[in-house]
Structures are given as structure tokens and as C-alpha cells.
Amino acid sequence: MKLSNGILITALVVTILLQVLLAFGYGEAYKLELLNQSRIQPFGANFANNFFTTIVTDRVAFTLQNHPTQQGYKVRYSDEDDMKLIEFRAQNDTLYITNLKRTMNVSFDLYFVKTPNLICRNSSVVMKSVTADTLDIMIRSLSFLFMEGCNIQQLKAEARNKSSLMIKARSTISNLHLTLKDEAKLFEEESRISNVSYGEIGDKTHVSFNARPFKLRK
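To convert, take the position in the sequence shown, counting from 1, and add 705; that gives this note's numbering.
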């Protein structure tokens, strides 16, 4: 079978499948899904335009990205009801995000014009192409934070309670100040970190640069 024929058949099958789904009433759900994917929703009506310097999370899973003009969140239409489990609460310049049911089965995307500092407990975070001059991160209680394609001038990172920080996918950090406690781990691969300074590094922690264990020098 020629490649062009294969592509034509695939396109025909997809078209027929979409027509079948529309005939069975899935058209409205599909439209709502597309709408949710393109719409950033405010954290709350009372603090939609607040400027947050810090977010504190508990038992949630999310991606964090920059946006040129808006802040808020996106969620898949299929997960919209589950977002009722998520509480957004503002206090001064701090945004608290909590899962009220003590689970991590709700996943959503966060957007900020300026990246806030992070304090995460029992949370899973993916930072995607984030840019910041200075950023403070504290992760604890089995949290996981993954940096993908980020560009940060001054990063102060602290991990504890078996949490893990992973810096990958061509991230660039000019200065990293690192503190690890309680069996926490740092993994760096395919990134560039110009300078590393250390705070407290516990005996049972692990540091790996370019997929190789790094022995701290006194």
C-alpha cells in the first residue's frame, strides 16, 4: 500500500469516527473540551487580579507556566467536576491551593505572569519553560518537582522528607543554592547550571549531575 493511500484511509476513518461520535451526542462534550483547553479560569472571583509572590500547595498535581497577560488555571472538561475538590484561598500576596479530599487524582495547569515562589507539600509539580530572575522553592513530604526548559538566574531550592527535584530538558540556571535533608534527591540532566552553592546537605541525600552521582567536596 502506498503511503499516500494509507494517509487517505486514516483521514477517512477519523472523519467517520467523528461523525459517529457527533451522532451519538458527543459533539457538545467535544466542544466544551476544546473551550476548556483554550480558556484560563480565575482562581476566584474575589482575587482574580491579585499579584501573588508565593503559592503554597498541599496534595495537588499541576503544571506551572508563564503567561504574558493572565493568571489562573486550566483543567480538562472531564476533570472539571473534580476541581470542586480543589480550594484556592488567598491571604495577602500568598495563594494557597489544597486538595480537600487528601488525594492527588486531580491534575490542572497554572498560569502566572510572574512566577511565584513555591512551597509544596505532598505535591507533584511540572514547571514548563518558566522564566524568572529569582525563585525560591521548598518541597517536602514526598513532593516531586520537575523543571523542563526553564531559565532561572537565581534559584534557591530546598527539598526534604524524601522529596525529589529534577532539572532536565535544556533548563538553564545561573546560580543554584541547594539544601537537601531527610533523604531528599536532586537529579540534573541535559541542562546547564553555571554555579552551585550548598546549604545543609544531609547524609542520606543524593545529588546527581548529568546522570552521574556527585560527591560533595568539603
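Positions of the beta carbon are idealized from the N, C-alpha and C atoms, including for glycine.
Taking C-beta atoms as the reference points, T877 and N856 count as a pair closer than 9 angstroms. Distances from the CA of F752 to each of T762, T759, A795 and Q775 were compared; the closest alpha carbon is that of A795. One alpha carbon belongs to D763, the other to N915, and they sit about 30 angstroms apart.
By the CB criterion at 9 angstroms, F813 and F851 fall outside the cutoff. Taking C-alpha positions only, I842 is separated from T720 by approximately 47 angstroms. Between the alpha carbons of L870 and L891 lies a gap of roughly 5 angstroms. In terms of Cα proximity to T774, the closest of N755, L885 and T759 is N755.
Looking only at R826, N771 and T884, the smallest Cα-Cα distance to D908 is reached by T884.
Relative to R826, the option among E905, N866, Q776 and T820 whose CA is nearest is N866.
Between I745 and P821 a beta carbon distance of about 16 angstroms is seen, past the 8 angstroms cut, so the two are scored as non-contacting.
Ranked by Cα distance from P747, the first of V831, N797 and Y816 is Y816.
Fully enclosed beta strand (DSSP E) runs of no fewer than 3 residues occupy 822-826, 829-833 and 836-845 of the segment 820-846, in order along the chain. For V835, the closest of I844, R807, S828 and Q859 by C-alpha to C-alpha distance is Q859.
Counting only residues of its own chain and dropping the five nearest sequence neighbours on each side, E893 has a CB closer than 6 angstroms to the CB of I872 and F914. Residue range S869 to K873 is occupied by the beta strand (DSSP E) that includes I872. With a cutoff of 9 angstroms on beta-carbon distance, N804 and L823 are scored as not near each other. Per the coordinates, the alpha-carbon of F849 lies some 15 angstroms from the alpha-carbon of N810. With respect to L769, V831 sits close: the two C-beta atoms are nearer than 9 angstroms. DSSP places L885 inside the beta strand (DSSP E), whose first and last residues are T877 to L885. Taking C-beta atoms as the reference points, A874 and E895 count as a pair closer than 9 angstroms. Between the alpha carbons of E863 and D787 lies a distance of about 30 angstroms. Nearest to K833 by C-alpha distance, out of N771, F793 and Y903, is N771.
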